[in-house]
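For reference, the structure is listed below as C-alpha cells.
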Amino acid sequence: MKDITKYQGIFPAFYACYDKDGNISLEGVKKLTEYFIKVGVKGVYVGGSSGECIYQDKEERKQLLETVVKTAAGRLTIIAHVACNNTRDSEELARHAESLGVDAIASIPPIYFKLPDYAIAEYWNDMSKAAPNTDFIIYNIPQLAGVSLGIPLLKEMLKNPMVVGVKNSSMPVQDIQMFKDEGTMGGRPFVVFNGPDEQLCSGLAMGADGGIGGTYAVMPELYLKIYDCIQKGDIKTAREVQNDADRIIYALCACKCNLYASMKEIMKRRVGIDLGGVRKPLYNITDADTDQLNVCEKMINEAVSKWS
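Count along the sequence shown from 1, add 749, and you get the number used in the working numbering.
In C-alpha cells, the structure reads:
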C-alpha cells in the first residue's frame, strides 16, 4: 500500500530562475529552495507552468531539477513535471528525474495536436515506464492543454500501479470529487491536488489532499493558513483568508506584464530573492507596472500581517 501522506499539504510551483543574461541561475534556484523549506511548505512542484517549462530546453530543466534536489536534501517532497511535446524527450526527463530520487513525476497531456484518449494514455504510460520506480501524477489543465481528463481516460491510467494522483487545474471543484472517488475505488491510495489558487479553500473542502499553485510562493503564509483552517474544520476563517488571497491574485493579474514577472518582482521585494525576469515571448515588467506592483505588495503584507 502506497504512502500518500507526503503529498498532503501545500506545494508551491517552482519559478524559473534566471540570471541577468537570461540563463538559468543556480544561485536563484538554491535560494528559492531554501526559502520554501524555511516557510514550512510540504513540497515543491518543479518544471511546470510557473517554471516556464515550454520555453526551456531539456538540459536547462535537468540542471534546475538537479539543483533543487541537491539543495532540498530530503527536506521537501519533490514532484518533477517532465512533459515535453514529444514522447522521446519526455522519457529522457523522466529517467533523469528518477535517477535523482524525486518523489513523483508529473505530466500534462500532449499539446497542439488533439489526440484521442488511447494516444494520451500511451504517452503518459511511456513516460512512466521510463521511470518505473517513481510515482506518476496526471496534470489536468484543460484551459491551457486543450484536453480535459475524463473518467474513461483516468480509468485507463489507473491500470498503471504507479499512477498515484491528479493535479487538477480545471475550474469545476466537482472534478476533484469525481477523480478522488474513482482513484480511491477499492481502497487504493490516491491523491488529488487542487490546482486553481483562487479555489484552494473549496477544493480542500471538496476532498483535495493539498494544493499546487503558482501564487503560493509570494504569499505562502495565506495558503498555509487556509490549509490549516480546513484541517481544523474552520471553514469560515479559511474562506475569509481565501477571499483576501483572491483579491491579491486579481491585483497581480492587473499588471501589464506577465503574471510570473510580477510575482518574481514581489519575491525580490518581500524576501530579497532575485529570480530574474521571464523568458520571451512572456512579457517582462515595464515602468507602467510600478504603481500596480506597489498596490500588490501592500495588499500581501497587510493580509499576511492580518492572518499571522
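For each residue, glycine too, the CB sits at the ideal point set by N, CA and C.
#1: Apply the 10 Å Cβ neighbour rule to R824 and answer buried if 16 or more other Cβ atoms are within range, or exposed otherwise.
#2: Just to confirm my understanding: we take A870, look at its own chain, exclude 5 residues before and 5 after, and list those with CB closer than 7 Å. What are they?
#3: Below 8 Å on the Cβ atoms is my guess for V788 versus P969; work out the distance and round it to an integer in Å.
#4: By the three-class DSSP mapping on this structure, what secondary structure does F885 have?
#5: Based on the DSSP secondary-structure assignment, which residues constitute the bridge partners of A879?
#6: State the Cα-Cα distance for the pair G963 and L864, rounded to the nearest angstrom.
#7: Please report the Cβ distance between V940 and A1000, rounded to the nearest whole angstrom; I am assuming they are in contact, meaning their Cβ atoms lie under 8 Å.
#8: Per DSSP, which one or two residues make a beta bridge with T826?
#9: For Q771, is the classification buried or exposed, using 16 other Cβ atoms within 10 angstroms of its Cβ as the cut-off for buried?
#10: Can you tell me the Cα-Cα spacing of E776 and T782, whole angstroms?
#11: How many angstroms separate the CA atom of I890 from the CA atom of D1040?
#12: Per the DSSP calculation, V915 is bridged to which residue(s)?
#13: Kindly indicate which three-state DSSP category I1022 falls into: helix, strand or coil?
#14: Quick one: grab the DSSP three-state call for G767.
#15: Going by DSSP, name the residue or residues bridged to P761.
#16: Determine the direct distance from the alpha carbon of A868 to that of A846, and round the result to whole angstroms.
#17: When burial is assigned at 16 or more other CB atoms within 10 Å of the CB, is T754 buried or exposed?
#18: How about C950 and R996: do their beta carbons lie closer than 8 Å?
#19: Would you identify the three-state DSSP class for A832, choosing helix, strand or coil?
#20: Cβ atoms of A822 and Y794: under 8 Å apart, would you say?
#21: Helix, strand or coil: which one does DSSP assign to I1049?
#22: Assuming I887 contacts L898 under a Cβ cut-off of 8 Å, what Cβ separation, rounded to an integer in Å, is found between them?
#23: Below 8 Å CB to CB, which residues in the same chain sit around Y1009 once its five sequence neighbours on both sides are set aside?
#24: Within 10 angstroms of the Cβ of D1125, are there 16 or more other Cβ atoms? Answer buried if so, exposed if not.
#25: If you draw a straight line from the C-alpha of F862 to the C-alpha of A1052, how long is it?
#26: Within 10 angstroms of its Cβ, does R810 collect 16 or more other Cβ (buried), or is it exposed?
#27: Hey, M876 and V922 are a contact pair by Cβ (cut 8 Å); roughly how many whole angstroms apart?
#28: If L849 sits next to V818, beta carbons under 8 Å apart, how far is it from one beta carbon to the other, in whole angstroms?
#29: Give me, in chain order, the residues of the same chain whose beta-carbon lies closer than 7 Å to that of I827; leave out the 5 immediate sequence neighbours on both sides.
#30: On a CA-only basis, which of N874, N909, E1014 and L813 is nearest D1036? Give me that one, please.
#31: Please classify Q948 as buried or exposed, where buried requires at least 16 neighbouring CB atoms within 10 angstroms.
#32: Could you check what DSSP says for I854 in three-state terms: helix, strand or coil?
#33: Figure out for me which residue from D977, I1022 and I803 has the closest Cα to the Cα of W1056.
Considering the structure as presented:
#1: exposed
#2: L902, E905 and M906
#3: 5 Å
#4: strand
#5: For A879, which the question treats as bridged, DSSP gives no partner whatsoever.
#6: 27 Å
#7: Between A1000 and V940 the Cβ distance is about 31 Å, and since that is not below 8 Å, they are no contact.
#8: G792
#9: It should be pointed out that residue 771 corresponds to Gly in this sequence rather than to Gln. It counts as exposed.
#10: 10 Å
#11: 32 Å
#12: I887 and V941
#13: coil
#14: Gly is not the amino acid found at residue 767; the sequence shown has Tyr there. Y767: strand per DSSP, three-state reduction.
#15: G962
#16: 23 Å
#17: exposed
#18: no
#19: coil
#20: no
#21: helix
#22: 6 Å
#23: Y764, A765, S799, E801, G963, V1027 and L1031
#24: Outside the shown range of the chain, which is 750 to 1057, sits residue 1125, and nothing can be said about it.
#25: 42 Å
#26: buried
#27: Going by Cβ atoms, the distance from M876 to V922 rounds to 28 Å, so no, they are not a contact pair.
#28: 5 Å
#29: G792, V793, V795, V817, V818, A821, V851 and D852
#30: E1014
#31: buried
#32: strand
#33: D977
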